[in-house]
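Notes follow once the structure below has been shown.
Here's what the structure looks like:
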């Protein structure tokens, strides 16, 4: 579905203006596709790291870790226990958070 403001802008556009807009839109689509691909790769990587972390935790082993980030250090300094007991509980929390964000964004439109 095309935004009505966008459609009105090109109602009386010349062929040259339409071609230019088409080229810009195509570049934006390519950029978004690349970002989506990168995000999927990052998600898969983080997902596998989290799964292995939970697997090691179940076996009572400790994972070899890099130096924690400042954000991680701040969280650890609070001494709050992790609210997640398994990988599935993490995925459920992320899904719930995304549902809330999607609901809020659809209400604001």
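Numbering (our numbering), first residue to last: 1472 to 1580. Glycine included, each C-beta is placed from N, C-alpha and C at the ideal position.
**Study point:** C-beta atoms of residue 1517 and residue 1561 nearer than 8 Å
**Key:** Translated into the one-based positions of the chain shown, residue 1517 becomes position 46. Translated into the one-based positions of the chain shown, residue 1561 becomes position 90. Result no, Cβ atoms of residue 1517 and residue 1561 do not sit closer than 8 Å.
Check your understanding: Among 1539, 1511, 1485, 1556, which one has its Cα closest to the Cα of residue 1548?
Key -> Locating residue 1548 in the chain shown gives position 77, counting from the first residue. Selected option, being the one with the closest Cα: 1539.
Check your understanding: With a Cβ-Cβ cutoff of 8 Å, do residue 1490 and residue 1481 count as a contact?
Key -> Taking the chain shown and counting its residues from 1, the one referred to as residue 1490 is at position 19. Taking the chain shown and counting its residues from 1, the one referred to as residue 1481 is at position 10. Contact flag unset, no.
**Study point:** Cβ neighbours of residue 1485 in the same chain (closer than 8 Å, five flanking residues each side left out)
**Key:** As a working mapping, residue 1485 is identified with position 14 in the chain shown. So no residue of the chain qualifies.
Practice item. Report yes if the CB atom of residue 1545 is closer than 8 Å to the CB atom of residue 1555, and no otherwise. Key: Position 74 of the chain shown, counted from the start, is the residue given in the question as residue 1545. Position 84 of the chain shown, counted from the start, is the residue given in the question as residue 1555. Taking 8 Å as the Cβ cut-off, residue 1545 and residue 1555 do not qualify as a contacting pair.
Review point. Going by the beta-carbon positions, is the gap between residue 1557 and residue 1514 smaller than 8 Å?
Key: Here the question's residue 1557 lines up with position 86 in the chain shown. Here the question's residue 1514 lines up with position 43 in the chain shown. No, these two residues do not count as a Cβ contact at 8 Å.
Review point. Going along the chain, which unbroken runs of the beta strand (DSSP E) with 3 or more residues stay wholly within the stretch 1499–1540?
Key: none
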